[in-house]
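What follows is a set of notes on a single structure, which appears directly below.
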Amino acid sequence: MKNTQPIGFIDSGVGGLTVIKEALKQLPNENMIYLGDTARCPYGPRPAKQVIDYTWEMTRFLLTKDIKMLVIACNTATAVALDEIRQQLSIPVVGVILPGTRAAVKASKNQRIGIIGTVGTINSGSYEKAIYSRVRQADIYSLACPKFVPLVESNQAQSPIAKKVVAETLKPLQNKKIDTLVLGCTHYPLLRPIIQNVMGKDVELIDSGAETISEVSMLLDYFQLANLEATNPGTLACYTTGSTKMFNEIANDWLPTQTVQSIQIQLGE
Ligand code: DGL
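Residue numbers are given in full-length UniProt numbering: position 176 of the sequence shown equals residue 176, and the series is strictly consecutive.
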């Protein structure tokens, strides 16, 4: 294994770019490859079996690019496919749920924690299980927000309609006295200012994807896989199964680099 080999990132669409953003900051030497399955997004409402199949298809594509580590930058896919993929690959495989859990447990003072995510992630109960196994007496309030991902994928995260949808959706969490809210979907950091505004400044928002990069950084050191000798910044190659135009617009708006030129690929049949 060469340290210059890329790290692979997968998501159902553009959401994993929130993880890439943190990776560019914390791991600027690393070469990275990103694949967003935009054509089949959202994964959130799909049955677990289908999400597992799609996640494998993305994984197999990235394995052809000789990745040294795989980051499942999608909570929905992490919830149902992480264990299986980790067992079958010989490279380290990292998901986003445990890093988000650890950060939430660390941040919360009153142990009243909210979790928002896709229907798939919330129904899997993965965050609850992970939090309860660490803090048995925690009060956890979970809420599926199926309207959020389509807003982000259509580049409407800053629109007035987004403000309205977020405010209406988060109402059930507002009287729960939570001091910490886990953004349990990698698309949600793109809605962060609106979510923060609705929840109020005293609620700490946890960006699971960003937390994941600290774990990736630690694992690169542990497995002696970090690209430490690099003289130039690492490269970022992006692939999407959907429109490259929309992908590039969102990526170049969100990431500090303005040079993303994604390549379209096809997965499945
Ligand atoms: N970004 C994904 C997540 O973290 C999934 C969004 C979706 O495809 O529904 O769960």
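From the three backbone atoms N, C-alpha and C, an ideal C-beta is built for every residue, glycine too.
Since the structure is predicted, the reported quantities are computational estimates derived from the model, not experimental observations.
Item	Value
Sorry if obvious, but does the Cβ on Y43 come closer than 6 Å to a heavy atom of the ligand DGL?	yes
State yes or no: is the C-beta of I206 within less than 7 Å of the C-beta of A23?	no
Is it the case that the CB of T186 approaches a heavy atom of the ligand MN more closely than 6 Å?	Annotation note on the ligand MN: not contained in the displayed structure, which lists the ligand DGL as its ligands.
Let me check you understand the geometry: is the CB of G125 closer than 6 Å to at least one non-hydrogen atom of the ligand DGL?	no
Report, in whole angstroms, the separation of the C-beta atoms of G114 and L143, which I expect to be a contact under 8 Å.	7 Å
How about D11: is its Cβ closer than 6 Å to a heavy atom in the ligand DGL?	yes
Which residues bound the beta strand (DSSP E) around M32?	32–36
Leaving out the 5 sequence neighbours to the left and right, which residues in its chain are closer than 6 Å to N110 when beta-carbon positions are compared?	D179
Between the C-alpha atoms of L17 and W254, what's the straight-line distance to the nearest angstrom?	8 Å
Should Y127 be labelled buried (16 or more other beta-carbon atoms within 10 Å of its own) or exposed?	buried
To the nearest angstrom, how far is it from the Cα of W56 to the Cα of I263?	20 Å
Under the three-state reduction of DSSP, which class applies to A138: helix, strand or coil?	coil
Is any heavy atom in the ligand DGL found nearer than 6 Å to the beta carbon of N75?	yes
Have a look at T4 and E30 and give me their C-alpha separation to the nearest angstrom.	7 Å
Can you list, in chain order, the residues of its chain with a C-beta nearer than 8 Å to that of N123? Leave out the 5 residues immediately preceding and following it.	A144
Considering only their Cβ atoms, is the gap separating I10 from M32 smaller than 7 Å?	no
Nearest CA to the CA of G44: which residue from F148, R102, Q137, Q88?	F148
May I have the straight-line CA-CA distance separating Q137 from V105, to the nearest angstrom?	12 Å
Fully enclosed by the region 83–164, which alpha helix (DSSP H) runs are 4 residues long or longer?	97–107, 119–124, 126–134, 148–153
Looking only at its chain, what residues have a beta carbon closer than 6 Å to the beta carbon of C238, apart from the 5 residues adjacent to it on each side?	Y34, V260, S262
Give the straight-line distance between the Cα atoms of Q19 and P189, rounded to the nearest whole angstrom.	According to the sequence displayed, residue 19 carries Val and not Gln. If you take the alpha carbons of V19 and P189, they lie about 10 Å apart.
Does the separation of the CB atoms of T195 and V216 fall below 7 Å?	Looking at the sequence itself, residue 195 is Ile, so the reference to Thr does not match. The answer is no: Cβ separation not under 7 Å.
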